[in-house]
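Since the structure comes first, as structure tokens, the remarks are kept for the end.
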Amino acid sequence: MIKSLQHRTTIRRYKDKDVSEELLNGLLEQAMRTQTMGNLQLYSVVVTRDDKQKQRLAPAHFNQPMTTQAPVVLTICADFRRTTLWAKLRKANPGYDNFLSFMNAATDALLFTQTFCCLAEEEGLGYCYLGTTIYNPQQIIDVLELPPLVLPVATLTLGWPDEEPVMSDRLPLWAIVHDEVYRDYTPVQIDDCYAAKEELAVNKAFVAENKKETLAQVYTDVRYTKAVNEAISEGLLKVLRQQGFM
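In structure tokens form, the structure reads like this:
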């Protein structure tokens, strides 16, 4: 597994080959051994194989081609509904309609997701993690008919790889590790952190294509702008209230 992590890439093109239900269920079951808050397993997974259903999900993910081309799409949800229903049926009084409960369930769901990804890679499968899930949660809720106290937090497209993309760059280890306490970065340290990333030909081309001066400007002015971040935040807060987590 460590070897797989050292060479992992995001797969966006898949072979026209099914992922068997036996293999998928085996991986999902193994992933359930992931650590979880209070041993409650505060997540659910919606498996999408039907082409029409993938087409309905695609707009929520900006119609990225792999959403419909992958043989399997997995939507991993923060889920406190199952626990709440269980509590009510056992004469208990649940109090999980709040933001803390969403955070606990979302953490459970994302830990499960990462474990599943590692296991899938060991079987030779490829996947793409779609961060768009929390950009357009309402569309996903509607398509998947998610009830209160269930909210999508991650989506994976899954299948047998039909490409060999290059590995993405990463910051040096010292850039993310702080001994004992957090030590803020000096301008020189920031320069050192990002120097290798900024010198990559692909990133220099990225800057030129977007007609920007620096790579940072591509992220702040084009990809993840303040206006878009605030608008998506408002939508996410609205959905959290609607699903009963606020």
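Numbered by the numbering used here, the letters in the sequence shown go through residues 5 to 250 in order.
All C-beta atoms in this analysis are idealised placements derived from N, C-alpha and C, irrespective of residue type, glycine included.
No experiment lies behind these values; they were computed from the predicted model shown.
Strand pairing of residue i, partner residues [DSSP]
i    : result
L155 : A82
P165 : Y18
C132 : T161
T52  : V77
Residue i versus residue j: straight-line alpha-carbon distance, rounded
i    : j    : result
S48  : T38  : 13 Å
A64  : Q73  : 15 Å
K95  : R16  : 47 Å
F103 : M250 : 5 Å
G169 : N233 : For clarity, residue 169 is Pro in the given sequence; the question names Gly instead. Distance between the alpha carbons of P169 and N233: 29 Å.
Y100 : Q45  : 14 Å
E127 : N214 : 38 Å
W90  : H11  : 42 Å
A158 : E184 : 32 Å
C132 : A35  : 17 Å
Exposed unless 16 or more other CB atoms sit within 10 angstroms - verdict on residue i
i    : result
K58  : buried
Q118 : exposed
P151 : exposed
P141 : buried
G130 : buried
Candidates the options, of which the one nearest residue i by Cα
i    : options               : result
R174 : L204, V185, P141, G30 : L204
T87  : L32, R227, S105       : S105
A62  : G163, Q143, L153, K19 : Q143
G135 : F116, L160, C122      : L160
Y198 : M41, A179, A91, F66   : A179
I80  : P69, T224, E33, L155  : L155
G42  : L27, T71, N67, T111   : T111
Minimum Cβ-Cβ distance from residue i to chain D less than 8 Å
i   : result
S48 : Protein chain content of the structure displayed is limited to a single chain, and chain D is not contained in it.
Closer than 7 Å: residue i CB and nearest the ligand ATP heavy atom
i    : result
A113 : Absent from the structure shown: the ligand ATP. Ligands present: none.
Whole beta strand (DSSP E) elements within the segment 69 to 130, 3-residue minimum: 76 to 83
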